[in-house]
Amino acid sequence: MVTRFSHVSAPSEPSRGVSHFRLASSARVLGRVHLGPGVHLAQGAVVCSPDGSVQLGAGSAVRENATVVGTARNPVTVGEKTSLGPRSLLLGATTGHLCEVGAGAILMPGSQLGDRCLVSEGALVPPGMWVPSDSVVVGRPARVVRRVDTGDLERLRMTRGGSLTLPEQPLTPFFAKDRAEDAPMGQLYSFRDKHPLVHPTATLFSSCEVTGDVIIGPGSIIGPGVRIVGESHVPLRIGAGVRIHANTVIHLQLGGSLVLEDGVLLGPGCVVHGCFVGANTVVEPGAILCDRSRLGRGCVVGAGSMVRAGTLFPDAAQVDGFPAVQTGFLSSLPPVPPWSLRPEDLPELRRVS
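As structure tokens, then:
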């Protein structure tokens with residue numbers, strides 16, 4: 001089975017049913033995804049579709065390092081000729097046709113865009129928000145500021161081959177897998193004679209890269225497109241049962257320290273510098289943790305938040321904002337979010353069909 005393509009059409013055998021879509025060599029499709037003709041997955045894009053929970057309409061595009069995650073509870077539907085911008089995150093959300101989602105925007109589970117919606121760069125559409133058709137959306141959290149005008153529609157037309165006509169093409173399933181047998185422990189690199197140490201029960205997807213003095217504990221899951229770089233005088237320590245999701249970047253530079261305690265969950269598209277994250281803390285998608293910050297145990301950091309350098313938060317803190325502030329306390333450990341990879345998902349995401 002062919003699972004990677006570089007600017008070529010997909011195979012056209014009747015059993016696959018999908019023709020003329022483009023999957024860049026560094027893009028990843030995990031699980032079973034339903035595709036229309038003309039879909040484009042650009043470099044570093046990740047589509048995670050357990051239970052066949054992601055549908056990408058004809059002519060849609062998932063741009064560089066964008067991440068799409070569906071679940072049985074929160075499936076994803078992307079309309080025809082809709083574009084998801086670079087480093088955007090779409091998690092259990094739905095978009096209509098002819099939408100434009102800007103770079104770095106985040107669509108949280110249960111949110112819905114109508115047709116011809118324009119979402120600005122860096123916007124955060126919160127869980128459950130419904131955006132009517134022909135809306136322009138900005139902000140964190142997102143708000144509708146106006147309706148699209150003739151200039152907006154003309155720009156949409158020019159970026160879609162001169163036509164806003166919808167192909168109305170049926171979707172067909174495409175099976176793919178992350179080829180763990182090709183690189184069973186991801187891609188591991190030495191730095192200054194220091195080499196990563198990975199527990200044999202950890203799972204590293206083949207497109208992740210781990211460099212330098214890094215320790216990864218038992219049962220941890222390091223997702224596709226993750227980059228972990230340890231170049232300090234002390235190891236970058238990742239505990240047991242940690243889950244680091246697609247296209248997250250973790251970097252420890254010289255002079256700092258970085259610890260992710262047991263059970264930490266980092267959502268897709270996060271950026272984590274030298275900091276301390278306490279056990280069972282959940283860092284939601286697109287958040288940024290800066291150097292010398294510290295999160296206690298059982299915290300939740302809201303999607304798209306930025307924890308400033310040197311900021312300290314206690315155990316069970318609810319943290320949100322840009323920059324982040326404490327907005328409350330949790331009465332119990334945070335639940336596993338719907339976008340999180342589960343150990344039971346792994347066999348399906350690697351299967352061969």
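Here UniProt numbering is used: the first residue of the sequence shown is 1, the next is one more, and so on. All residues carry an ideal CB built from backbone N, CA and C; glycine is no exception.
Runs of the alpha helix (DSSP H) spanning 4 or more residues and lying entirely within the segment 290-347 do not occur at all. For Leu-312, same chain residues with a beta-carbon under 8 Å away, outside a window of 5 residues either side, are Ser-293, Arg-294 in chain order. With contact defined as three or more Cβ pairs closer than 8 Å, the segment 77-90 and the segment 48-61 are in contact. Pairwise C-beta distances place the segment 136-151 out of contact with the segment 86-97, as fewer than three of them are shorter than 8 Å. If you look at Arg-192, you'll find it isn't in any alpha helix (DSSP H); DSSP assigns it neither H nor E. Within 10 angstroms of the beta-carbon of Pro-323 lie fewer than 16 other beta-carbons, which makes it exposed. When Cβ pairs closer than 8 Å are counted between the two stretches, the segment 138-147 is seen not to touch the segment 158-165, the count staying below three. In the DSSP assignment, Cys-48 forms a beta bridge with Leu-30, Val-69. Around the CB of Met-158, fewer than 16 other CB atoms lie within 10 Å, so the residue is classed as exposed. Each of Ser-111, Leu-113, Val-119 was checked against the Cα of Ala-105, and the nearest Cα belongs to Val-119. For the pair Leu-266 and Val-283, the CB atoms are nearer than the 7 Å cut-off.
Around the beta carbon of Ala-309, fewer than 16 other beta carbons lie within 10 angstroms, which makes this residue exposed. A Cβ-Cβ separation of about 17 Å leaves Cys-208 out of contact with Pro-218 under the 8 Å criterion. The beta-carbon distance between Val-234 and Ile-250, rounded to whole angstroms, is 15 Å. This is too long to meet the 8 Å contact definition. Rounded to the nearest angstrom, the gap between the Cα atoms of Asp-345 and Pro-196 is 25 Å. Beta-bridge pairing by DSSP links His-251 to Val-229. The alpha-carbon separation between Leu-56 and His-40 amounts to approximately 10 Å. Judged by beta-carbon spacing, Ser-133 lies within the 7 Å limit of Gly-114, meaning their Cβ atoms are closer than that value. Its chain contains Cys-48, Leu-91, Trp-339 as the residues whose beta carbon lies nearer than 6 Å to that of Val-69, once the 5 sequence neighbours on both sides are disregarded; these appear in chain order. In the structure shown, Glu-168 adopts coil according to DSSP, grouped into three states. Beta bridge pairing from DSSP links Pro-173 with His-34.
Cβ neighbours of Leu-333 within its own chain (closer than 6 Å, five residues either side excluded): Asn-280, Gly-298. The Cβ neighbour count for Gly-255, taken over all protein chains shown within 10 Å, is under 16; the residue is labelled exposed.
Burial state of Ser-25 is exposed, judged by a 10 Å Cβ sphere holding fewer than 16 other Cβ atoms.
If you draw a straight line from the Cα of Leu-188 to the Cα of Gly-128, it comes to about 39 Å. C-alpha of Glu-348 to C-alpha of Gly-31: approximately 6 Å in a straight line. Residue pairing for Leu-56: DSSP places it in a beta bridge opposite Leu-35, Val-78. In the three-state DSSP reduction, Gly-212 falls in the strand class (E or B).
For Leu-153, there is no enclosing beta strand (DSSP E); the residue is part of the alpha helix (DSSP H) that begins and ends at 150-158.
Looking only at Leu-35, Val-29, Ile-238, the smallest Cα-Cα distance to Phe-21 is reached by Leu-35. In this structure, Gly-241 is the residue among Thr-172, Phe-174, Lys-194, Gly-241 with its C-alpha nearest to the C-alpha of Pro-200.
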